[in-house]
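As numbered in the UniProt record's numbering, residues 1 to 201 make up the sequence shown, in order. Quick notes on the structure that follows.
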Amino acid sequence: MSTSLAWDERYAGGGFQFGEAPNLFLLSQAHRLKPGIRALAVGDGEGRNGVWLAEQGLEATSVDWSDVGLGKARALAARRGVALQTVTADLTRWDWPVAGFDVIAWIFVHLPPEDRTLACDGAMRALAPGGLLLLEAFTPAQEGRRSGGPKDTSLLWSRALVERHFAGLEVLELLEGTMALDEGPRHQGLAEVVRAVLRRP
Ligand SMILES: C[S@@+](CC[C@H](N)C(=O)[O-])C[C@H]1O[C@@H](n2cnc3c(N)ncnc32)[C@H](O)[C@@H]1O
């Protein structure tokens, strides 16, 4: 079972588990972002995505249950000279700010089914009208590949799960397929993922 302590231990070593550069899918969505809007990087770990959002001029917040990861996120933001808010919280218990964000980046966050439902409901509440949800996650086809992702297959995402958990959002892009990952030591090589760009009407 994944716990905050297990993630604290993973992040306690030197280096960045998923690199310091932003996720490439998130980077590819830069044209949809505007300076000044409020962004949330969900399960942001060591902060590569939250820091990048802040560098684009967004008012960025990273939430994760690993304070060790978020400590590194704060150090990365300081090194890059940008402001990043961090919140140490369990996504299943967090009091998600209602309509608090114009962009939510959900990058490689894999939760057990019941927790996933709670966190997705929270993200739905937190997305402001017109707001975007950007998601990339591993799918069941990733089983057997060594390029990353959870061993417990019940944590994996799919196009159908995206449609179910985020029903009511408008689909701008929703693709499942094979991508090459090059993100720190933990995400290397061909991977099976789902990518989604959804908008609250
Ligand atoms: C695979 S890592 C991805 C980190 C980051 N999104 C990235 O792409 O670099 C998954 C992250 O989700 C966080 N996480 C998992 N379950 C969580 C929960 N219930 N509440 C808060 N954070 C959680 C972990 O601490 C970890 O940082």
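Note that the Cβ used here is the ideal one computed from N, Cα and C, for glycine as well. Everything numeric in this text was worked out from a predicted model, so none of it was measured.
DSSP-derived helix/strand/coil call for residue i
i	result
His-187	strand
Pro-140	helix
Arg-145	coil
Asp-152	coil
Asp-182	strand
Ala-128	strand
Phe-25	helix
C-beta contact flag for residue i and residue j at 8 Å
i	j	result
Gly-131	Gln-142	no
Arg-200	Pro-129	yes
Residue from the options whose Cα sits closest to the Cα of residue i
i	options	result
Ala-6	Arg-80, Val-68, Gly-47 and Gly-144	Val-68
Leu-181	Glu-173, Glu-170 and Val-193	Val-193
Asp-90	Ile-107, Val-98, Leu-118 and Phe-16	Leu-118
Glu-55	Lys-34, Gly-14, Trp-96 and Phe-18	Lys-34
Glu-136	Arg-159, Ala-30, Ala-78 and Ala-73	Arg-159
Ala-21	Gln-29, Asn-49 and Leu-190	Asn-49
Gly-100	Val-82, Glu-114, Trp-106 and Gly-122	Gly-122
Arg-186	Val-109, Gln-17 and Glu-9	Gln-17
Residue i classed as buried or exposed, judged by whether at least 16 other C-beta atoms fall within 10 angstroms
i	result
Asp-44	buried
Asp-152	exposed
Thr-61	buried
Ser-154	exposed
Leu-190	exposed
For residue i, the residue or residues it bridges with in DSSP
i	result
Trp-106	Val-42 and Leu-135
Gly-177	Val-193
Thr-88	Asp-64
Val-171	Leu-198
Glu-59	Arg-38
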